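Colleague: Chains Z and X are the protein sequences, given in the same order.
In terms of the working numbering, the first sequence opens at residue 1 and continues consecutively.
In terms of the working numbering, the second sequence opens at residue 471 and continues consecutively.
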Amino acid sequence: MTEANVTAAKSEAGAVPENWKPHIVALVCNWCSYAGADMAGTTRREYPANVRMMRFPCTGRMSPLMILRAFEQGADGVLVSGCHPGDCHYVQGNLVARRRFTIFRSLMDFIGVDLKRLHFAWVSAAEGHKWAKVVSEVTTSVQEAGPLPSFEHPEGWGGIDLPEMTGSGPQELDEQRLDAIRANLRKAASEVLTTERAGVVIGYGSGSLPDQTHPVLITKTAECEKLEWGQGCRNNLGAYVGSALEKHERVAVVAKTCDLGAISGLIREGQLRRDQLLVIGVQCPGVRDGSGLATKCLSCSGDPHPICDLVVTVEGVQESCEDPSAAALDTPDARDEQIAYLESLPHEERWQYWQRQFGRCLRCYACRAACPLCYCSTCITDKHRPQWVPTSIDHPGNSTWNIIRAVHLAGRCTGCDECARVCPADIRLDLINRKLSLEVERQYGKIGLDPEEKSALVDFRMEDSEEFIL
Amino acid sequence: MESSWKLTDTQLRKWLSGLLDGNSVVAPVEEDGVLLFRPIASEDQAVVKPSGKTRWSPKEFLFPRSEALYRYNFKGGTVQLEDPPVPEEHQVLFGVRSCDASGLVRLDEIFLSGTKDRLYAARRENTTVVSAACAAADVECFCTAVGYSPVGEEGSDVQLVPLGEDWMLRVLTDKGRDLVSDAGDGWTAATAKDGKRIAELEKSVAGQIERSPVNREWSQVLEEGFEHGAWDRLAQHCLGCSVCAYVCPSCSCFDMNHEANAWCGEQCRSWDACTFPLFTHHASGHNPRETKQERYRQRVLHKFAFREEDEDPFRCVGCGRCVSLCPAGLDIVNTVSAAVEAIREEGADAAR
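(1) Where does S11 (chain Z) fall in DSSP's three states?
(2) With N731 (chain X) as the anchor, note down where its alpha helix (DSSP H) starts and where it stops.
(3) What residues of chain Z sit near P698 (chain X), judged by a beta carbon separation below 8 Å?
(4) Does the CB of L490 (chain X) have a neighbour CB from chain Z at under 8 Å?
(5) Closer than 8 Å, Cβ to Cβ, to anything on chain Z: give me those residues from the segment 490 to 517 of chain X, in chain order.
(6) Have a look at the DSSP bridge pairing and note the partners of L277 (chain Z).
(7) Considering Cα atoms alone, identify which of X:V562, X:E579, X:F533, X:K762 is closest to W824 (chain X).
(8) Pull up the DSSP beta-bridge partners for Y542 (chain X), would you.
(9) Take P372 (chain Z) and list the residues in its own chain whose beta-carbon comes closer than 6 Å to its own, dropping the five residues that flank it on each side.
(10) Using the C-alpha atoms, what's the distance from H119 (chain Z) back to L345 (chain Z)?
(11) Please report the Cβ distance between C744 (chain X) and R765 (chain X), rounded to the nearest whole angstrom; I am assuming they are in contact, meaning their Cβ atoms lie under 8 Å.
(12) Work out the CA separation of S572 (chain X) and A366 (chain Z) for me, nearest whole Å.
(13) Is there contact between the segment 500 to 513 of chain X and the segment 688 to 706 of chain X, where contact requires at least three CB pairs shorter than 8 Å?
(14) With H, G and I counted as helix, E and B as strand and the rest as coil, what does DSSP make of G487 (chain X)?
(15) With distances taken from CA atoms, which of X:E736, X:L539, X:N804, X:V499 is nearest F527 (chain X)?
(16) Between P57 (chain Z) and chain X, is the shortest Cβ-Cβ distance under 8 Å, so that the two count as touching?
(17) Contact criterion: CB-CB distance below 8 Å. Does K10 (chain Z) meet it with respect to chain X?
(18) Could you give the uninterrupted runs of the alpha helix (DSSP H) lying entirely in the segment 31 to 99 of chain Z, keeping only those of 4 residues or more?
(19) Alpha carbons only, please: which of X:A653, X:R739, X:V628, X:C734 is nearest the one belonging to T548 (chain X)?
(20) Considering only the beta carbon of each residue, do W131 (chain Z) and H84 (chain Z) sit closer than 8 Å?
(21) Do you know offhand how far R480 (chain Z)'s Cα is from P390 (chain Z)'s?
(22) Does the beta carbon of S754 (chain X) come closer than 8 Å to any beta carbon on chain A?
(23) Quick one: what's got a C-beta closer than 6 Å to H248 (chain Z)'s C-beta in the same chain, skipping five residues either side?
(24) For the beta strand (DSSP E) holding E501 (chain X), just list the boundary residues, first then last.
(25) So is A669 (chain X) buried or exposed if we call it buried at 16+ other beta carbons inside 10 Å?
(26) Per DSSP, which one or two residues make a beta bridge with C29 (chain Z)?
(27) Quick one: list the residues of chain X neighbouring Q357 (chain Z), beta-carbon separation under 8 Å, in chain order.
(28) Please work out which residues of its chain come closer than 8 Å, Cβ to Cβ, to W657 (chain X), disregarding the five sequence neighbours upstream and downstream, and give them in chain order.
(29) To the nearest angstrom, report how far apart T295 (chain Z) and M165 (chain Z) are at their CA atoms.
(30) Quick check on C446 (chain X) - is its C-beta less than 8 Å from some C-beta in chain Z?
(31) Using a Cβ-Cβ distance under 8 Å, would Y716 (chain X) count as near chain Z?
(32) Please go through the same chain and pick out, in chain order, the residues whose beta-carbon is closer than 7 Å to the beta-carbon of L577 (chain X), but skip the five residues on each side of it.
(33) Excluding the 5 residues preceding and the 5 following T7 (chain Z) in the sequence, name in chain order all residues of the same chain whose CB lies nearer than 6 Å to its CB.
(34) For K116 (chain Z), which of helix, strand or coil comes out of DSSP?
(35) Give the single residue among Z:G128, Z:L115, Z:I160 whose Cα lies nearest to the Cα of S141 (chain Z).
(36) Please determine, among X:G565, X:F612, X:V684, X:P557, the residue with the shortest C-alpha to C-alpha distance to Q678 (chain X).
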């Protein structure tokens, strides 16, 4: 966009001008920190004047979008401040916010924002002295970090080579065994329709390009012969369950192991009831991505998971009746080494790495469309009053979109990688999602497959860690 | 054949290097494993091969993803309006495939017929297209099935034809001539035998494309069967993103968006797509294309129907990108033939 007043301080050559002073936006809660700042004023405390305050009812109201908006508009640093845990005027707003900020902060670090720019503090109405101290500390810290790096294509940047991902992948299935699975799947689907256990079977039909399939919605037993199975069955069909339920009371869906987490998430989040759904888990040979196995398959066994109702293997079709609460997703992930490598780089380099990718983003929203858990009837990026995510297809808006998409899936995403698969610009959304999953797991425990479990970011514990909060 | 030469790869690179002087040269570049059109700083960045496409078309260099139409500033209690400068630098789009070059001509038909779009026209005026004919088809390619050619000249000012290791450079327009005017020293004139290679390439690439042609009379069938029930079935797995439209060389839809803060702002034109529900959503809440099926039908018909004259080309140039990149595996050509078959068999009015 046109030059905002706040960015005017930056010189074109990239050097920090002499006498440069940072612009810092403070998002403060009305009840504690705003009153604390007032107290600092009335008690004549002196502190740097670099902070512009915005008053919110509660830290619980502060979306990461507001922090992103500040950076997008040229702020060099952001301070978020609210009531101490236990003091929230809405009882738990700051406790939920604490988890959100913990996860958001780790993502900002991952995409290359120097954490010297992003601060969180608990300041009560009585702590005028603390407010003055926090503002001084934050100002010094942002001053050290310097002007915010530009949202732009890193011209001439050579790029980095991430470590190769390795893994054995699922058991190999030759054509004969795949044929057997296919026959069993067709039999199972046809039985489901004949016995009226479901009005529609969502599966894969053969596509027009080699090794390509497309989702099919089958309602007649004769059409079950169209059902395909093999390494081209990429889609997470969970994305079609919602629309299929508009026409049918009960829906059967063909699922790979990696699809189940999202399906379970839809139940957990009240988007559908377990009894509306019949899950047909099929033994999976892994899916192909380009010339090799997809990353998500490298550490997967391919065996159908216990939360399925029907399990289709080479041997036949069985009813499954295991306890879903014991089910958990596989932990090792081929991406973890790449994430660790990225985290070992200086944040400037990470910024360039992600800016180059975000710059390619076309805002086609295929990531959103393919994700079973992106089910909002109106996405935040389509809301224009107020417009939180800039619609212009360039770096600032693209960065905000890609960050907020991931944040909205933090603690919910179960790594089916559909977003990364469908991205025409090859943005490594899978790395971002995995990074957030790791952080959620480290802080709040594993994301399981149990539909009864609560998502980590809508929950809180009084004793949640907060070592980064001033 | 005085306007065609045979160049070695080295001579071609040297010419490309010369073009960098005084022009902004946009060529296929590999970035994080993705082949894309980008402005290049030196000739060795360009990836120019006998076949293979960039991930999406070079249309963004004539019709940017987003561009400001006007800007404003609040200063001293008044509003200051500002027109963004009209682009003046001359650009060369280098190594554009024939399908993409035709796609640019389809864009011209939108932006330059009737009221000329000021910014588009300025960019077009300052752009020279150096196309590269194809020596092989990618799996998704189907240009010959929709009336285009792997060696097509439409939209090209200069055409490069792969001759094994070498290239034949053909000047097709005056704009193209300007690009080679002082570079031709030491180049060998192309022979009649080289010239024959074009027809050979066309035949061999067409042979690799297995799709049956889209019949030009189908346009009318599709329009007559607008309300046919087949559309509902054919597009029920469309996910409603806009990959197809954004990677398409000829899709030209846009939206107006406004980016502003307390001090300044700008009115922008940004890419938009008929596959999005918001595209036709009225302020009243009514949406004339309420379902994804209706929206997908719009896209298909805008490529293969809604033509003013029978001889008008299809707006689909057959690059096949929408087929290979569709998250849900939708295939525009199969959709067209399936719709036509259903409409003919069941009658144009067969209910949904």
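Glycine included, C-beta positions come from ideal geometry on N, C-alpha and C.
Every value quoted in this text rests on a predicted model; they were computed, and no experiment measured them.
Modeller: Checking against the coordinates, here is how it stands:
(1) Note that S11 (chain Z) scores 44 on pLDDT, short of 50, meaning its location in the model is unreliable and no value can be drawn from it.
(2) Where N731 (chain X) is concerned, there is no enclosing alpha helix (DSSP H), given that its DSSP letter is neither H nor E.
(3) The question names Pro, but residue 698 (chain X) in the sequence shown is His. Neighbours of H698 (chain X) across chain Z, judged by C-beta separation under 8 Å, do not exist; the nearest C-beta is about 18 Å away.
(4) With 8 Å as the cut-off, L490 (chain X) does not count as an interface residue toward chain Z.
(5) Of all residues in the segment 490 to 517 of chain X, those with a C-beta nearer than 8 Å to a C-beta of chain Z are E501, D502, G503, V504, L506, A511, reading in chain order.
(6) Answer is Z:V251, bridged to L277 (chain Z).
(7) Outside the displayed range of chain X (471 to 822) lies residue 824 (chain X), so it cannot be described from this structure.
(8) Answer is X:L551, X:G735.
(9) If the five residues before and after P372 (chain Z) are omitted, its C-beta is found closer than 6 Å to the C-beta atoms of N236, G238, A239, A262, all from its own chain and listed in chain order.
(10) Between L345 (chain Z) and H119 (chain Z), the C-alpha separation is close to 22 Å.
(11) A Cβ-Cβ distance of about 6 Å is found for the pair C744 (chain X) and R765 (chain X), placing them in contact under the 8 Å criterion.
(12) The alpha-carbon separation between A366 (chain Z) and S572 (chain X) amounts to approximately 26 Å.
(13) Of all C-beta pairs linking the segment 500 to 513 of chain X to the segment 688 to 706 of chain X, fewer than three are shorter than 8 Å, placing the two stretches out of contact.
(14) A small fix is needed here, since residue 487 (chain X) is Ser in this sequence, not Gly. Looking at S487 (chain X) - three-state DSSP - the assignment turns out to be helix.
(15) The question names Phe, but residue 527 (chain X) is Ser in the sequence shown. The shortest C-alpha separation from S527 (chain X) is found at X:V499.
(16) Chain X contact via Cβ: absent.
(17) With a pLDDT of 44 at K10 (chain Z), under the threshold of 50, the modelled position of that residue is not reliable, and the figure given next carries that caveat. By this cut-off, K10 (chain Z) is not an interface position.
(18) Taken in chain order, the unbroken stretches of alpha helix (DSSP H) that lie wholly in the segment 31 to 99 of chain Z and span 4 residues or more are 33 to 42, 64 to 72.
(19) Of the listed residues, the one whose Cα sits closest to T548 (chain X) is X:C734.
(20) No, the Cβ-Cβ distance between W131 (chain Z) and H84 (chain Z) is not below 8 Å.
(21) No statement about residue 480 (chain Z) is possible, as the shown extent of chain Z runs from 1 to 470 and does not include it.
(22) In the structure shown, chain A does not exist; the protein chains are Z and X.
(23) Correct list, in chain order: G199, V200.
(24) That run of the beta strand (DSSP E) goes 494 to 501.
(25) By the 10 Å Cβ count, A669 (chain X) comes out exposed.
(26) Looking at the DSSP assignment, C29 (chain Z) forms a beta bridge with Z:F56.
(27) Ordered by position in chain X, the residues that pass the 8 Å Cβ test against Q357 (chain Z) are D502.
(28) Within the same chain, W657 (chain X) has close Cβ partners W475, K476, L477, Q481, L639.
(29) Computed Cα separation, rounded: 7 Å.
(30) Lying before the first or after the last residue shown, residue 446 (chain X) is absent from chain X, which here runs from 471 to 822.
(31) So yes, Y716 (chain X) belongs to the interface.
(32) By the criterion of a C-beta distance shorter than 7 Å, L577 (chain X) is surrounded in its chain by K529, L532, F533, S720, S722, once the five residues flanking it on both sides are discounted.
(33) Any reading at T7 (chain Z) needs caution, since the residue's pLDDT is 44, under 50, leaving its predicted position unreliable; the model's value is listed next. Only G74 meet the Cβ criterion.
(34) Three-state DSSP puts K116 (chain Z) in a helix.
(35) Considering only alpha carbons, the answer is Z:L115.
(36) Closest in alpha carbon position to Q678 (chain X), among X:G565, X:F612, X:V684, X:P557, is X:F612.
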